[in-house]
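>
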Amino acid sequence: MAPALRPVPRKYTRFVYPLLAERRAQGAVCQIKLSRARFFAGRKTRIYRMITIWGRTNSVNVQKVLWCCDELVLPYDRIDAGMHFGHNNATNPDYLAMNPTGKIPTLVDDDFVLWESNSILRYLVLQYGESSLLYPAEPKLCSSIDRWLDWALSTLQPAERPVFWTLVRTPAAERDITKIATDIENVTRLWRMVDAHLTARFFLEGENFTLTDIVIGAYAKRWFGVDGVERPPLPNWSAGIRASPRVRASRNTSIFR
Ligand SMILES: N[C@@H](CCC(=O)N[C@@H](CS)C(=O)NCC(=O)O)C(=O)O
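Residue numbers (the numbering used here): 1 to 257.
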C-alpha cells in the first residue's frame, strides 16, 4: 500500500514553494522536509515520497488532517474512502489491514501507517514541521494542546455528532426531532465554554496558532455550517480565532474549499 517514490507533480513545484515563502513571510514556521528530496540522475526532477491520506473530504476528522498539511505546506495524495466511497469495510481487506477500526482517516507515509486523526496531526508536525509552532516541544504547552485534542475527541465530538448527523446526514422524514433540542443544548453549552475561554486570548492555547486551533476550528466550521440550528452569539470566537490573520489565511485551506 505504501506509495512509490514519484516526481513531485508540476503543480507542487510551481505552487508549493512560493506558498511556503509566503507563509514564512506571514511568520509561519513551516517547511517541507527536504532531506527526503532527491534528484533523478540527469533529470532535474525533485522526487520524494508523498504521504497518502485515505478519507473523504467531508469528514471532520479528515479535514483536520488536510488543514494541518496545508499549514505545513506538505503535499499529499488523497484517496476517497468512507461512506459511499467504501474501502473501510470488508470489501477492501487491505484497508482493514492498515486500519482495523474501519474508520477514516488513515495516513500512509512510506512503510508507516497511522490512524486516529489527532495522532496523525501530532505525527505530521513532529515529522515534517521541525520547530513548528503548531505543536511545540515545551512540555507544558504541548500538554495543554493535548488536553484540547483529548477534549475534542472525548467530549466535543460525541456532543456535536448527533446534531450534525441528524440535521445533515439524516433525511428529514427519518429525523428524531424529540432528541435534537437536547442535543443542540448540550453542544451549545460546550461552545459557550470555548467562547468564554477566548475572552482574553487570540488563540485557544498559548500565543500562537496551534493544533488546538485546527482541531477546534474544524469542529467549529461544522457547527457554524449546520442549517436549522439557532446558535447563540459567540462574540469572542468571532472576534478572536475566527478573525485571526492565520485562520483567515487558512481559508484557502482544504477544509474551507
Ligand atoms: N477517533 C477517530 C474517529 C474516526 C471516525 O469516526 N471517522 C468517521 C468519519 S469522521 C468514519 O470513519 N466514519 C465512517 C465512514 O466514513 O464510512 C479519529 O479521530 O480518527
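All C-beta atoms in this analysis are idealised placements derived from N, C-alpha and C, irrespective of residue type, glycine included. Values in this document were obtained by computation on a predicted structure and should not be read as measured data.
Ligand 1 and Gly217: does the residue's C-beta get closer than 6 Å to at least one heavy atom of that ligand?
Here residue 217 refers to the residue found at position 217 when the sequence shown is read from its first residue. Gly217: no, Cβ never under 6 Å from ligand 1.
> Secondary structure at Arg169, three-state DSSP: helix, strand or coil?
Residue numbering aside, residue 169 sits at position 169 when the sequence shown is read from its first letter. Reduced to three states, the DSSP call for Arg169 is helix.
> Buried or exposed: where does Lys140 fall if 16 or more other Cβ atoms within 10 Å of its Cβ makes it buried?
If you number the sequence shown from 1, residue 140 lands on position 140. Classification for Lys140: exposed.
> Taking 7 Å as the threshold (C-beta atoms), are Ile184 and Pro229 in contact?
Taking the first residue of the sequence shown as 1, we reach residue 229 at position 229. Taking the first residue of the sequence shown as 1, we reach residue 184 at position 184. The sequence given here places Val at residue 229; Pro does not occur at that position. A contact, by the Cβ cut-off of 7 Å.
> Beta-carbon within less than 6 Å of His87's beta-carbon, same chain only, minus the 5 sequence neighbours each way: which residues are those?
Residue numbering aside, residue 87 sits at position 87 when the sequence shown is read from its first letter. So the list reads Ala81 and Tyr95, once near-sequence residues are dropped.
> By alpha-carbon positions, which one of Glu130, Asp146 and Arg78 ends up nearest to Ser119?
Numbered from 1 along the sequence shown, position 119 holds the residue referred to as residue 119. Ranking Glu130, Asp146 and Arg78 by Cα distance to Ser119 puts Asp146 first.
> Identify whether Leu234 lies in helix, strand or coil by the three-state DSSP scheme.
As a working mapping, residue 234 is identified with position 234 in the sequence shown. The answer is coil: DSSP assigns Leu234 none of H, G, I, E or B.
> For ligand 1, is there any heavy atom lying closer than 6 Å to the beta carbon of Asn92?
Here residue 92 corresponds to residue number 92 of the sequence shown, with the count starting at 1. No; taking the cut-off as 6 Å, the Cβ of Asn92 has no heavy atom of ligand 1 nearer than that.
> Are Ser254 and Leu66 closer than 7 Å when you measure CB to CB?
Here residue 254 is taken as the residue at index 254 of the sequence shown, counted from 1. Here residue 66 is taken as the residue at index 66 of the sequence shown, counted from 1. Cβ atoms of Ser254 and Leu66: closer than 7 Å.
> Please report how far the alpha carbon of Asp176 lies from the alpha carbon of Glu160, in whole angstroms.
Numbered from 1 along the sequence shown, position 176 holds the residue referred to as residue 176. Numbered from 1 along the sequence shown, position 160 holds the residue referred to as residue 160. So the alpha carbons of these two residues sit roughly 15 Å apart.
> Per DSSP, what are the beta-bridge partners of Asp77 in this structure?
Residue numbering aside, residue 77 sits at position 77 when the sequence shown is read from its first letter. Paired residues: Thr52.
> Taking the alpha-carbon positions, what's the Asn58 to Asn208 distance?
On the sequence shown, residue 58 is found 58 positions in, with the first residue counted as 1. On the sequence shown, residue 208 is found 208 positions in, with the first residue counted as 1. Roughly 27 Å between the two C-alpha positions.
> Rounded to whole angstroms, what's the CA-CA distance from Arg201 to Arg189? Just pull it up for me.
Taking the sequence shown and counting its residues from 1, the one referred to as residue 201 is at position 201. Taking the sequence shown and counting its residues from 1, the one referred to as residue 189 is at position 189. Approximately 19 Å, taken between the alpha carbons.
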